Amino acid sequence: MKNRLEKIRKQHGITQEELAQKLEVSRQTIGSLENGRYNPSILLAFKISKFFNVSIEEIFIYEESSENENF
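For what it's worth, UniProt numbering labels the leading residue of the sequence shown as 1, then goes sequentially.
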């Protein structure tokens, strides 16, 4: 899953550490999300969208892979 988390975070002028503290996660979690190494739980996705006051879809971009085409 791709995301715009880093761009949105920087537009708001906050660091990974500050965002991590607000969301009660580690800075490493924020870094992993921004680099696409980790997909958030639904709870964390909601917390992030609420913090930035945008929809989940504005931050996280779901792309179907060919494996999921049968669903």
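For each residue, glycine too, the CB sits at the ideal point set by N, CA and C. Quick caveat: nothing in here was measured; it's all calculated off a predicted structure.
Given residue i as reference, the closest of the options once Cα atoms are compared
i: Leu23; options: Asn3, Phe51 and Gly31; result: Phe51
i: Val25; options: Lys47, Gly13, Gly36 and Arg37; result: Lys47
Beta-carbon proximity of residue i to residue j, cut-off 8 Å
i: Ala20; j: Ile30; result: yes
i: Leu5; j: Leu43; result: no
i: Ile59; j: Met1; result: no
Same chain, Cβ closer than 6 Å to residue i, five either side skipped, listed in chain order
i: Ile56; result: Ala45 and Ser49
i: Asn53; result: none
i: Asn3; result: Ile59 and Phe60
i: Tyr38; result: Ser32
Contacting residues, own chain, Cβ-Cβ under 8 Å from residue i (five flanking each side not counted)
i: Gln16; result: Arg9, Arg27, Ile30, Gly31 and Glu34
i: Pro40; result: Leu33, Ile48 and Phe60
Sheet register partners of residue i (DSSP bridge)
i: Lys2; result: Ile61
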